[in-house]
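In the UniProt record's numbering, the protein residues as written are 1 to 338. Every residue gets a Cβ at the ideal spot worked out from N, C-alpha and C, and that includes glycine. In this text the structure is predicted, and so the values were computed from the model without any measurement. Heads up: the structure comes next, in structure tokens.
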């Protein structure tokens, strides 16, 4: 049964008042009541909601299905709100008196009056539970009937607590003629006491949903992915090998360790051999001197090649010089005497 407590009549009505839903157009009066309540520091955060609730309930139409019970709902909602926020119980009576006096500012017939003036927090809470239970009883009974009297845990806890408090108040009022008890006994004309005192339901079986198990790297394991195990493959492919054991997790882990060590140890051995040759034998100095000599020889060869190139070029220029023809200008002696 997935029915929620929020669908019960008392929860619906209280929800409207808490959320400020419903018709109200007397905002000047609401603001005036709100300002008057602001002196009570404990309820400053809810003082506007209290003022608006008075307006909303005052303007409920008489054809509304909650009209006849509106004043009781209002009283228990206001009282519950005050006791939740007030740090001192003695402020309950003066504040609730002030609220109902201010409610007279709304020009409507059939105004709501205070149900109980001086009442302790314990008595108030018990009476509210009993009142809500009686108002919700018809809806609860119908819901249980429709579902074979099975209920979820939330419903069962609510019913159990309500029946327990109801029976406690009933025993207190039995033979008592105070105002509350007289009103309480009027409910028996509407509902049978035995039904109210014995209502129960069977807790439906809960099926807890296990969260998916996640591996070290955030991936789902084989169970969630429905991956057959290696043993399953062996049994399926070769049934006669069913007795052959496969490597366990410990064995595979040991093999991984052996593989790592087989790589690390040779590397360490190579470094040790190189260090020994370098530190305690002439092999490294010999290699070093050999490389230096080789480097010097290569550099000499590179220097000789340009010299030879220059030599060949010079010889060619000289040969060309021998073959060259020169024209020399001169004057005869006769010409020089002129």
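Tell whether a beta-carbon distance below 7 Å holds between residue i and residue j.
i, j, result
"residue 92", "residue 99", "no"
"residue 339", "residue 195", "As shown, the chain starts at 1 and ends at 338. That puts residue 339 outside it, with no answer to give."
"residue 133", "residue 166", "yes"
"residue 8", "residue 139", "yes"
"residue 5", "residue 158", "yes"
"residue 70", "residue 78", "no"
"residue 74", "residue 112", "yes"
"residue 184", "residue 173", "yes"
In chain order, what residues of the same chain lie with their CB nearer than 6 Å to the CB of residue i, ignoring the 5 residues before and after it?
i, result
"residue 55", "24, 26 and 30"
"residue 51", "30, 33 and 34"
"residue 202", "149 and 150"
"residue 12", "none"
"residue 135", "9 and 10"
"residue 124", "79"
"residue 37", "47"
Name the residue from the options whose alpha carbon lies nearest to the alpha carbon of residue i.
i, options, result
"residue 10", "153, 39, 170 and 65", "65"
"residue 164", "85, 199, 80 and 73", "199"
"residue 161", "116, 87 and 127", "127"
"residue 48", "68, 20 and 67", "20"
"residue 129", "271, 22 and 168", "168"
"residue 122", "276, 84 and 62", "84"
"residue 15", "37, 36, 53 and 39", "53"
"residue 40", "155, 153 and 95", "95"
"residue 193", "265, 137, 144 and 262", "137"
Which same chain residues end up closer than 8 Å to residue i when comparing Cβ atoms and leaving out the 5 residues on each side of it in sequence?
i, result
"residue 120", "89"
"residue 197", "163, 166, 167 and 170"
Please state the DSSP three-state secondary structure of residue i.
i, result
"residue 200", "coil"
"residue 55", "helix"
"residue 150", "strand"
"residue 185", "helix"
"residue 179", "helix"
"residue 274", "helix"
Residues in the same chain with beta-carbon distance under 7 Å from residue i, minus the five sequence neighbours each way, listed in chain order, please.
i, result
"residue 131", "72 and 76"
"residue 57", "70, 74 and 112"
"residue 156", "201 and 203"
### Task
Answer yes if the stretch 103-111 comes into contact with the stretch 36-45, meaning at least three C-beta pairs across the two stretches below 8 Å, and no otherwise.
no
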